[in-house]
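**Q**
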Amino acid sequence: MFSPNSPQAYSINNLLLLTTIIGGVILLIIGGVVFYSAFRFRSGLRPGEPPQIFGSRNLEFLWTGIPVIVLIVLFGFAVNTMRQIDPAPGQQPPDVIVTGYQWWWRVEYPQAGVVTANEIHIPVGKQILFQLEGGDVIHDFWVPQLGPKRDTIPGSTNYLWLQANTPDVYLGACSEYCGTQHAWMRIRVIAQPQAEFDQWLQQQRAAATPSGSDAMRGAQVFQQNTCVNCHAIQQTGTNWAGPNLGHLGSRQTIGAGVIENTPDNLAAWITNPQRFKPGVKMPGYQLSPADLHALVAYLESLK
Numbered sequence: 125m126f127s128p129n130s131p132q133a134y135s136i137n138n139l140l141l142l143t144t145i146i147g148g149v150i151l152l153i154i155g156g157v158v159f160y161s162a163f164r165f166r167s168g169l170r171p172g173e174p175p176q177i178f179g180s181r182n183l184e185f186l187w188t189g190i191p192v193i194v195l196i197v198l199f200g201f202a203v204n205t206m207r208q209i210d211p212a213p214g215q216q217p218p219d220v221i222v223t224g225y226q227w228w229w230r231v232e233y234p235q236a237g238v239v240t241a242n243e244i245h246i247p248v249g250k251q252i253l254f255q256l257e258g259g260d261v262i263h264d265f266w267v268p269q270l271g272p273k274r275d276t277i278p279g280s281t282n283y284l285w286l287q288a289n290t291p292d293v294y295l296g297a298c299s300e301y302c303g304t305q306h307a308w309m310r311i312r313v314i315a316q317p318q319a320e321f322d323q324w325l326q327q328q329r330a331a332a333t334p335s336g337s338d339a340m341r342g343a344q345v346f347q348q349n350t351c352v353n354c355h356a357i358q359q360t361g362t363n364w365a366g367p368n369l370g371h372l373g374s375r376q377t378i379g380a381g382v383i384e385n386t387p388d389n390l391a392a393w394i395t396n397p398q399r400f401k402p403g404v405k406m407p408g409y410q411l412s413p414a415d416l417h418a419l420v421a422y423l424e425s426l427k
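Residue numbers for the sequence shown follow this note's numbering, so the first one is 125 and each next one is one higher.
(1) When the distance is taken between beta carbons, is W393 closer than 8 Å to H306?
(2) Please classify S180 as buried or exposed, where buried requires at least 16 other C-beta atoms within 10 Å of its C-beta.
(3) Do you know offhand how far L141's Cα is from Y160's?
(4) Tell me, please, which residues DSSP counts as bridged to F254.
(5) From the DSSP output, in three-state form, read off H245 for me.
(6) Spatial neighbours of L419 within its chain, please: C-beta separation below 7 Å, excluding the five flanking residues on both sides.
(7) Between M125 and the rest of its own chain, which residues show a CB-CB distance below 7 Å, the 5 nearest in sequence each way excluded?
(8) If I'm right that D338 touches H417 with Cβ under 8 Å, what's the distance once you round it to whole angstroms?
(9) Within 10 angstroms of the Cβ of T143, are there 16 or more other Cβ atoms? Answer buried if so, exposed if not.
(10) Rounded to a whole number of angstroms, what is the C-alpha to C-alpha distance between D433 and Q318?
(11) Quick check: the Cα distance between E424 and P278, rounded to an integer number of angstroms?
(12) How far does the alpha helix (DSSP H) with L152 in it extend, from its first residue to its last?
(13) What does the alpha-carbon distance come out to for the pair V267 and A162?
(14) Hey, is the region 186-196 in contact with the region 255-267, meaning 3+ C-beta pairs nearer than 8 Å?
(15) What does DSSP give as the partner residues of L295 in its beta bridges?
(16) Give me, in chain order, the residues of the same chain whose beta-carbon lies closer than 8 Å to that of V404; leave out the 5 immediate sequence neighbours on both sides.
(17) Tell whether a beta-carbon distance below 8 Å holds between G84 and L284.
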């Protein structure tokens, strides 16, 4: 249904297909009986009242037993699917911790000490254990091609297995209404061969430093304005109001998927984020053209 590309998504897809097939067969049987009865016993063929049946134990067993058997079969397949897609609690430390905020995702790789936002890199062919947290309201993490939905609930921790069978960019979104920009709380899962993932992780772990006079000037603009109050650049600290901007230049999108990450789009976002994402908590900054150019150069140099 969703072009499944992981063992978890295949299990869900197979359960959906099985349920659809069983439901379709039941629909055909009942519809067939109704149409047959309407044709066979229509008015005019047989005068008088049809024979009355005031009780049949065999029929009662039949129309009670068959639905019970069908439900037991579906229940068994559903339980088996749940066992395949749900991780056992406490069996291992999480590989990735994702926290949902209005309206972006904080992504942490605790074993590597890496923090990023909105774009999640994973190695191909490996089961990755996600720990899901809620930072403000209830969100719902869902990448249809890779697995089931799972809520991120403040004060409660959920877990989820994800695995990508082939390298690709898998798109997901928050599927629990969470406010004004719920529709623009996008997820990008970037599945890479193990060597490329290791290289990306090493790059993220290293401190991103600006290069060039414009970028150096932009670093000063970043520190002198209130950007530094909400956004971290280095891989330190956890209590930030906005996404970590370290290595922002290597990300594909801005604003949790709302626009492509280009210098022009980044400048427009800094100046007036409400234009792209009404209700977003980031204010607009009316910088001088020189300072705006320098700040964009600095942020785009963080790769």
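Note that CB positions come from ideal geometry on N, CA and C, so glycine has one too.
**A** With the given structure in hand:
(1) no
(2) exposed
(3) 28 Å
(4) V220 and L284
(5) strand
(6) G342, V345, F346, I394 and L411
(7) Only weak support is given to the placement of M125: the predicted model assigns it a pLDDT of 49, under 50, and the question is left unresolved by the model.
(8) 7 Å
(9) exposed
(10) Any answer about residue 433 is impossible in this case: the structure gives the chain only from 125 up to 427.
(11) 33 Å
(12) P131 to R164
(13) 47 Å
(14) no
(15) R312
(16) W227, Q305, G379, P397 and Q398
(17) Outside the shown range of the chain (125 to 427) lies residue 84, about which nothing can therefore be said.
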